[in-house]
Each structure stands twice: as structure tokens, then as C-alpha cells.
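Asks: Before I ask anything, let me first share the structure, which is written out below as C-alpha cells.
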Amino acid sequence: MTTPLSLPAELTANQVIAVVRAPHIADAPALCAALAEGGIHNVEFTFTTPDVTLHLAQAAANGAYVGIGTVLTRRQAELAIEAGARFLVTPGCRPEVAQAADEAGLPAVLGALTPTEVAQAIDLGAAAVKIFPASGFGSRYLKDLHGPYPGIPLVASGGVNAAEYLAHGALAVCAGTEVVPPRAVAEGKWDEITQRAAAFMDSLSR
Numbered sequence: 000m001t002t003p004l005s006l007p008a009e010l011t012a013n014q015v016i017a018v019v020r021a022p023h024i025a026d027a028p029a030l031c032a033a034l035a036e037g038g039i040h041n042v043e044f045t046f047t048t049p050d051v052t053l054h055l056a057q058a059a060a061n062g063a064y065v066g067i068g069t070v071l072t073r074r075q076a077e078l079a080i081e082a083g084a085r086f087l088v089t090p091g092c093r094p095e096v097a098q099a100a101d102e103a104g105l106p107a108v109l110g111a112l113t114p115t116e117v118a119q120a121i122d123l124g125a126a127a128v129k130i131f132p133a134s135g136f137g138s139r140y141l142k143d144l145h146g147p148y149p150g151i152p153l154v155a156s157g158g159v160n161a162a163e164y165l166a167h168g169a170l171a172v173c174a175g176t177e178v179v180p181p182r183a184v185a186e187g188k189w190d191e192i193t194q195r196a197a198a199f200m201d202s203l204s205r
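If you read the sequence shown in numbering that gives the first Met the number 0, its first letter stands for residue 0, the second for the next number, and so on.
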């Protein structure tokens, strides 16, 4: 069992990770700036986007706090680390990804759903555990998980009502197409993305 890396302050203070899934990103630094203007400072690109490591490197070089998700293999993890990723995210428990992150001194947010998988993620040294897909189980599921796993940082992902999941113990939530629609990302509609990010953040305080 590896020692879990402490979760960066950026991921705990903002409570939101914008997950970008798009066939094309017009301008990665501009996208991150638009999200930050709307109040979202944590951005997760994904390996489902072509040339994702190039976009990641551009955003990282401009000072954005960016990570990469849908990391399935050690090679993908290494490419992300070389491009400047600040954190790695997996959809399930991926030991080779956790090991690569640990060796690089980066936090890994490992995907899980069941109590057994949460334990596996903890054993692999996850800095946080992404519960995915969380929406099918409801927000109280996170509260139930915290029964046997008190204090374990849980990130809710997969079409969730953000405010409800935060109220039931999620450390952070993922914001997807409601904030970063693929069309707007591809066409560079940064004002729209800023407005969507601001509306999402506003919904957390209602």
C-alpha cells in the first residue's frame, strides 16, 4: 500500500472540476481563463479529446491548474505528466496509473463505485476517490460511504446535482457539458462558457 498524497488546496477550495470532453478545443488557455472568470479554477481535460496532451501543455504553460482524466494506462499517465498535468483522474481503479502518479509526486483521483472499489482506491494511494457514475445512486450514497470510510475525500461525477452531493459529503463535484458544451469549446465561445461557469457556481450557494 502506498501513502496517499495530500489533496491539493486547489481541488478542495473550489469544490468544482470542469471536465472537458470535446472533439476539438479551439484554445486551451483561453478556455481555462473563461472558466476561471466564471469561478471554476480546476480543469480536467480527457484522453477522449484528440491531441489532448498538446492542449494540456498549452494551458499548463499559461499557469492554469489542469489535470487529465480517462487515464487508463501507464503510458497515458506518463504522457500527461510530461505535458504538465497537475493531477490524474481515472474512471476506475487503475494500479499502473496510481503508481505512475505516485512516482511523479502527483495526486491521483481514482474512480470507484462500490465500497470494495473505494477500499481498493485507498489501498492504491488515491488522493481522492471519484464516485462514478454517482447519479444512479443518489446523493445519500456518498453519506452512506462515509460511514465505513470517514474522512476519505469523495468526488461526485456523472450527471449529479452538485449542491445536493456537496451537502451529503462530497469534497468536490465534476461539472461537464452543462458548463463546457463540446460545441462551445470547439467554437471558442468563451463568454458563454464564463456565463455557464458562473451560473453553476451560483447554484451551489442556493
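All residues carry an ideal CB built from backbone N, CA and C; glycine is no exception.
Can you check which of these residues, E77, A59, G135, V18, is closest to T48 by C-alpha distance?
Replies: Position 49 of the sequence shown, counted from the start, is the residue given in the question as residue 48. If we check each option's Cα against that of T48, V18 comes out closest.
Asks: Starting from K129, trace the beta strand (DSSP E) both ways and give me its first and last residue.
Replies: For the purposes of this step, residue 129 is identified with residue 130 of the sequence shown, where counting begins at 1. Residues 127–130.
Asks: Can the beta-carbon of L87 be found closer than 8 Å to that of G110?
Replies: As a position in the sequence shown, residue 87 is number 88, starting the count at 1. As a position in the sequence shown, residue 110 is number 111, starting the count at 1. Contact flag unset, no.
Asks: Should T89 go down as buried or exposed, given a rule of 16 or more other Cβ atoms within 10 Å for buried?
Replies: The residue given as residue 89 occupies position 90 in the sequence shown. Buried, by the Cβ-count rule.
Asks: Assign S138 to buried or exposed, taking buried as 16 or more other Cβ atoms, counted over all protein chains shown, within 10 Å of its Cβ.
Replies: Within the sequence shown, residue 138 is the residue found at index 139, counting from 1. By the neighbour-count rule (16 or more Cβ atoms within 10 Å), S138 is buried.
Asks: Hey, L55 and A84: beta-carbon distance below 8 Å or not?
Replies: What you label residue 55 is simply residue 56 of the sequence shown in a count that begins at 1. What you label residue 84 is simply residue 85 of the sequence shown in a count that begins at 1. A contact, by the Cβ cut-off of 8 Å.
Asks: So, does the segment 166–182 touch the segment 20–27, judging by three or more C-beta pairs under 8 Å?
Replies: They touch, by the three-pair rule.
Asks: Taking just the CA atoms, how far does A127 sit from I151?
Replies: By one-based count along the sequence shown, residue 151 stands at place 152. By one-based count along the sequence shown, residue 127 stands at place 128. Looking at the two C-alpha atoms, the distance is approximately 7 Å.
Asks: Please work out which residues of its chain come closer than 6 Å, Cβ to Cβ, to G68, disregarding the five sequence neighbours upstream and downstream, and give them in chain order.
Replies: The residue labelled residue 68 in the question sits at position 69 within the sequence shown. Counting only Cβ-Cβ distances below 6 Å, and skipping sequence neighbours, we find E43, T45, V88.
Asks: Mind checking which residues open and close the beta strand (DSSP E) that includes E43?
Replies: Your numbering for residue 43 matches position 44 in the sequence shown. Element bounds for E43: 41–45.
Asks: Pop quiz: G157 and S134 are said to be a contact at Cβ under 8 Å. What is the actual Cβ separation, rounded to whole angstroms?
Replies: Here residue 157 is taken as the residue at index 158 of the sequence shown, counted from 1. Here residue 134 is taken as the residue at index 135 of the sequence shown, counted from 1. Contact flag correct, Cβ pair sits at about 5 Å.
Asks: Which whole runs of the alpha helix (DSSP H) in the segment 86–112 are 4 residues long or more, in chain order?
Replies: Counting only runs of 4 or more, we get 94–103.
Asks: Are the beta-carbon atoms belonging to N41 and E81 less than 8 Å from one another?
Replies: Numbered from 1 along the sequence shown, position 42 holds the residue referred to as residue 41. Numbered from 1 along the sequence shown, position 82 holds the residue referred to as residue 81. No, the pair does not count as a contact, with Cβ atoms beyond the cut-off.
Asks: For R73, which residues of its own chain have a beta-carbon under 6 Å away from its beta-carbon, when the five flanking residues on both sides are left out?
Replies: Mapped onto the sequence shown, residue 73 falls at position 74. Same-chain partners within the cutoff: E95, A99.
Asks: In chain order, what residues of the same chain have a beta carbon less than 7 Å from the beta carbon of L112, not counting five sequence neighbours either side?
Replies: Residue mapping note: residue 112 aligns to position 113 of the sequence shown, counting from 1. Counting only Cβ-Cβ distances below 7 Å, and skipping sequence neighbours, we find I130, F131.
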